[in-house]
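Structure first, then comments.
In the working numbering, the protein residues as written are 883 to 949.
Pasting the structure below:
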């Protein structure tokens, strides 16, 4: 992906990291998430666009490591 200059979307990052977790390759899962996962997401609050940390994504990573 680096050669093409393309970044995957959140869904693709989650799917690839989930595949690594299913295979037991947690180092590769962390590498993919650290490199490509968005750290911020945008919500609409009172008619305004607000930037917040994507906390549930990090919780998902911890959940995937436990299982």
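Glycine included, every Cβ here is placed at the ideal spot set by N, Cα and C.
Unbroken beta strand (DSSP E) run spanning residue i, endpoints
| i | result |
| --- | --- |
| residue 935 | 930-935 |
Three-state class that DSSP yields for residue i in the structure shown
| i | result |
| --- | --- |
| residue 923 | strand |
| residue 898 | helix |
| residue 886 | coil |
| residue 891 | coil |
Among the options, nearest to residue i - alpha-carbon criterion
| i | options | result |
| --- | --- | --- |
| residue 883 | 909, 903, 906 and 914 | 914 |
| residue 921 | 912, 936, 928 and 910 | 936 |
| residue 900 | 888, 919 and 887 | 919 |
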